[in-house]
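The structure appears right after this line, and notes come after that.
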Amino acid sequence: MKARIQWVDGAMFLGESGSGHVVVMDGPPENGGRNLGVRPMEMLLLGLGGCSNFDVVSILKKSRQAVDSCEAFVEAERASEDPKVFTRIHLRFVVKGRGLKEAQVKRAVELSAEKYCSASIMLGRAGVEITHAYEIVELD
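Using the working numbering, the first residue of the sequence shown is number 4, and each one after it goes up by one.
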């Protein structure tokens, strides 16, 4: 995997993934930015949420669960002093569908956390406390 990050000006950078997709990263005005893009540490949370959500949906579909949607809500706490690393991260999944089995949803979240989500496992090994929760919403 490769990426290229190019400084634009102030606190703005363009990140280009190896697959050719571009994202804008920028800081707030008090840090020399113009607030025109996501913060780099937010990118880490987005990556973690995307990785975990991908796993949960994939596992549920493989277990033939009728998933209509799945949202991951990610909240994090950071150290107060530099380096301001993440100390705690909580992921909450809201899974919507018809006839979803709680045991299958619980297992999908556990498998993502313990076996499949590289981002979650990497951060956990670095000492970040990561917790998970889920909610099932039955659709008519």
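Note that the Cβ used here is the ideal one computed from N, Cα and C, for glycine as well.
- Under the rule that a run must span 4 or more residues, the alpha helix (DSSP H) segments found entirely inside the stretch 53-116 read 105-114.
- Within 10 angstroms of the beta-carbon of His135 lie 16 or more other beta-carbons, which makes it buried.
- Rounded to whole angstroms, Trp10 and Gly36 show a C-alpha spacing of 12 angstroms.
- Sequence-distant partners of Gly50 (beyond 5 residues in either direction) whose C-beta falls short of 6 angstroms from its own C-beta, in its chain, are Ala122.
- Gly127 and Glu80 have their C-alpha atoms spaced approximately 14 angstroms apart.
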